[in-house]
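Sequences listed follow chains A and B, in order. Residue numbering for the first sequence follows my numbering, starting at 620 and increasing by one per position. Residue numbering for the second sequence follows my numbering, starting at 620 and increasing by one per position. Don't be surprised by glycine CBs; every beta carbon is placed ideally from N, CA and C. Below you'll find the structure, written out as structure tokens, and then a few comments.
There are 2 protein chains.
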Amino acid sequence: MGAMARMSPQERREAIVTAAMAVMERQGIAATTVRDVAAELGTSSGLIHHYVDSMDDLLAEAFARAAGDDLATTRAAVESGQDAVDRLALFFDSYARADDDFGMQRWLEAWAEAARRPALQRASRQLNEAWHSLLASIIRDGVEHGTMRSDDIEAAAWRVLSLLDGLMLQVVAHGALTRAQVDAWSRAGAERELGLRPGVLGAVSARSM
Amino acid sequence: MGAMARMSPQERREAIVTAAMAVMERQGIAATTVRDVAAELGTSSGLIHHYVDSMDDLLAEAFARAAGDDLATTRAAVESGQDAVDRLALFFDSYARADDDFGMQRWLEAWAEAARRPALQRASRQLNEAWHSLLASIIRDGVEHGTMRSDDIEAAAWRVLSLLDGLMLQVVAHGALTRAQVDAWSRAGAERELGLRPGVLGAVSARSM
DNA sequence: GGCCCTATTGGACAAGTGCGCAATAGGGGT
DNA sequence: ACCCCTATTGCGCACTTGTCCAATAGGGCC
Numbered sequence: 620m621g622a623m624a625r626m627s628p629q630e631r632r633e634a635i636v637t638a639a640m641a642v643m644e645r646q647g648i649a650a651t652t653v654r655d656v657a658a659e660l661g662t663s664s665g666l667i668h669h670y671v672d673s674m675d676d677l678l679a680e681a682f683a684r685a686a687g688d689d690l691a692t693t694r695a696a697v698e699s700g701q702d703a704v705d706r707l708a709l710f711f712d713s714y715a716r717a718d719d720d721f722g723m724q725r726w727l728e729a730w731a732e733a734a735r736r737p738a739l740q741r742a743s744r745q746l747n748e749a750w751h752s753l754l755a756s757i758i759r760d761g762v763e764h765g766t767m768r769s770d771d772i773e774a775a776a777w778r779v780l781s782l783l784d785g786l787m788l789q790v791v792a793h794g795a796l797t798r799a800q801v802d803a804w805s806r807a808g809a810e811r812e813l814g815l816r817p818g819v820l821g822a823v824s825a826r827s828m
Numbered sequence: 620m621g622a623m624a625r626m627s628p629q630e631r632r633e634a635i636v637t638a639a640m641a642v643m644e645r646q647g648i649a650a651t652t653v654r655d656v657a658a659e660l661g662t663s664s665g666l667i668h669h670y671v672d673s674m675d676d677l678l679a680e681a682f683a684r685a686a687g688d689d690l691a692t693t694r695a696a697v698e699s700g701q702d703a704v705d706r707l708a709l710f711f712d713s714y715a716r717a718d719d720d721f722g723m724q725r726w727l728e729a730w731a732e733a734a735r736r737p738a739l740q741r742a743s744r745q746l747n748e749a750w751h752s753l754l755a756s757i758i759r760d761g762v763e764h765g766t767m768r769s770d771d772i773e774a775a776a777w778r779v780l781s782l783l784d785g786l787m788l789q790v791v792a793h794g795a796l797t798r799a800q801v802d803a804w805s806r807a808g809a810e811r812e813l814g815l816r817p818g819v820l821g822a823v824s825a826r827s828m
């Protein structure tokens, strides 16, 4: 009954961040404590601070990893699209598929915690920017190929993203809307925003039938 | 130096909630403690629990009061409108005027805290519903008088509100957008949603010139 | 095989939390 | 003027938090 198996610094750091992600997923960002992460790892709490400067840093890194994974998933899904319209449809598909996911809840907690945790705020802002950037690149492609219309691509991307976020908020925070409504309405909003024919972005339910 | 001036239970309760609101405004919901509220009042911490069952209840009541005041302000502003379109424009005016306000930040914190505080969650859901209801009543009026078009008033209200929320999120949480952009884009979105002529909801900047 | 480096331990620490309770004091009703 | 009711006090309690540090132990290099 001695110490936990000795690991290389890289492995251990990795394990710590992974454990933090798991606890975050289960209990939320604000309720994730050093001791919880240590318990998840099966090690002592002192070990955490041997690899991490502060709890703020750890939470920021765990959030960045989790949210970054989500972004990477969507990015990968989008890449398989034939043209811009197809890629935009895949963007919504991928977003909607995070159905049983805590994606949006995570963002909510990050925004609120950001007031007290500078590192977490930096991570959140950077990832938000990356999502906008992904969406803008799809739209830019569509405009250049003449399949989408927009005289301000950046702005259009913000509007599409904001509608999606606002609708998701109602699902996660209030339970006032269903995922299906968010899915249909956000696609319809994007179609109008980008001068697409209504329905071309196809709701999941419609396309899977 | 004896006890604080004796007050009637009603006055004292009122004073406690008011003090809690002030602390909430200054430090945020999550960072509002019993001792902070007592210090704001200039009384002892024990007094708080003599009037309030739990911190959850107190925070919920303080949030409900603060957010309820915001809603009442907008409701009052809206009532002075001549017709539905005018009232909708006033709705956006009132929302935009809360410029130096902590309105949206308060909602953010409420959503995140709601996970741990049932009473706060109830208050937040109820007020959210009230905002939607106010917006829906304006739209219903417009549709009935033929100045607005919508085949699903409830849904339209959710979409207008969600776009506004999503855009505000970018201002408050990330600083990625400006209030002016939110104002212009949310009005334009509502005009499209309700079949209004572009510009009739008039941005604040345009109308004040 | 032994030694040293460092990963790992486990608890101390100070600061903070919500809540409860015995003691106090002040004002209104008689 | 007195007395009782209760608003108010001020501290204690049990618990949690992040952070730190001396002690320990295990594995790789000579």
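Which residues in the same chain as residue i place their Cβ atom closer than 7 Å to its Cβ, once the five residues preceding and following it in sequence are excluded?
i                      : result
residue 727 of chain B : 791, 792
residue 830 of chain B : Nothing about residue 830 of chain B can be read from this structure; chain B reaches only from 620 to 828.
residue 666 of chain B : 657
residue 752 of chain B : none
residue 814 of chain B : 767, 768
residue 796 of chain A : 786, 789, 790
residue 629 of chain B : none
residue 804 of chain A : 786
Beta carbon of residue i, beta carbon of residue j: below 7 Å?
i                      : j                      : result
residue 833 of chain B : residue 722 of chain B : Since the first residue of chain B shown is 620 and the last is 828, residue 833 of chain B is not available in this structure.
residue 769 of chain B : residue 779 of chain B : no
residue 671 of chain B : residue 664 of chain B : no
residue 782 of chain A : residue 808 of chain A : yes
residue 776 of chain A : residue 755 of chain A : yes
residue 686 of chain A : residue 660 of chain A : no
residue 704 of chain A : residue 766 of chain A : yes
residue 772 of chain A : residue 758 of chain A : yes
residue 636 of chain A : residue 684 of chain A : yes
residue 729 of chain B : residue 743 of chain B : yes
residue 736 of chain A : residue 675 of chain A : yes
Quick one: residues in its chain with C-beta nearer than 8 Å to the C-beta of residue i, no 5 flanking neighbours on either side, listed in chain order?
i                      : result
residue 825 of chain B : Per-residue confidence for residue 825 of chain B stands at a pLDDT of 46, beneath the threshold of 50, marking its modelled position as unreliable; no derived number is given.
residue 620 of chain A : A caution first: residue 620 of chain A carries a pLDDT of 45, below 50, which makes its placement in the model too unreliable to give a value.
residue 631 of chain B : 666, 670
residue 741 of chain B : 679
residue 713 of chain B : 692, 693, 696, 697
residue 764 of chain A : 702, 703
residue 649 of chain B : 728, 731, 732
residue 655 of chain B : 642, 646
Contact defined as beta carbons within less than 8 Å: I believe residue i pairs with residue j. What is the distance between those atoms, to the nearest angstrom?
i                      : j                      : result
residue 681 of chain A : residue 623 of chain A : Not confirmed; about 20 Å, so no contact.
residue 784 of chain B : residue 785 of chain A : 4 Å
residue 709 of chain A : residue 691 of chain A : No, residue 709 of chain A and residue 691 of chain A are not in contact; Cβ-Cβ is about 14 Å, not under 8 Å.
residue 802 of chain B : residue 715 of chain B : 5 Å
residue 634 of chain B : residue 643 of chain B : About 15 Å separates the two Cβ atoms, so there is no contact after all.
residue 811 of chain A : residue 811 of chain B : 6 Å
Whose C-beta lies closer than 6 Å to the C-beta of residue i among residues of the same chain, with five residues either side of it excluded?
i                      : result
residue 827 of chain B : Any reading at residue 827 of chain B must be qualified, since the residue scores a pLDDT of 44, below 50, and its modelled position is unreliable; the value itself is stated next. No residues qualify anywhere along the chain.
residue 706 of chain A : 697, 700, 757
residue 662 of chain A : 623
residue 760 of chain A : 703
Discussion item. Give the list of continuous alpha helix (DSSP H) stretches no shorter than 4 residues that lie fully inside the region 755-799 of chain A.
Written reply: 772-788
Item to complete: Using a Cβ-Cβ cut-off of less than 8 Å, give me the residues of the region 729-745 of chain B that come near chain A, in sequence order.
Response: 730, 731, 732, 733, 734, 735, 743, 744
Worksheet item: Which residues, in chain order, does the region 772-785 of chain B contribute to contact with chain A at a C-beta distance below 9 Å?
Response: 774, 777, 778, 780, 781, 782, 783, 784, 785
Worksheet item: If contact means a Cβ-Cβ distance below 8 Å, which residues of the region 639-655 of chain A contact chain B?
Response: Residues passing the 8 Å Cβ filter: 647, 649, 650.
Fill in: Near-chain A residues of the region 785-800 of chain B - C-beta to any C-beta below 9 Å
785, 786, 787, 788, 789, 791, 792, 793, 794, 795, 796, 800
Worksheet item: If you scan the region 662-719 of chain A from start to end, which runs of the alpha helix (DSSP H) of 4 or more residues do you find wholly inside it?
Response: 664-670, 674-698, 703-716
Fill in: Contacting positions in the region 798-822 of chain B - beta carbon closer than 8 Å to chain A
800, 804, 808, 811
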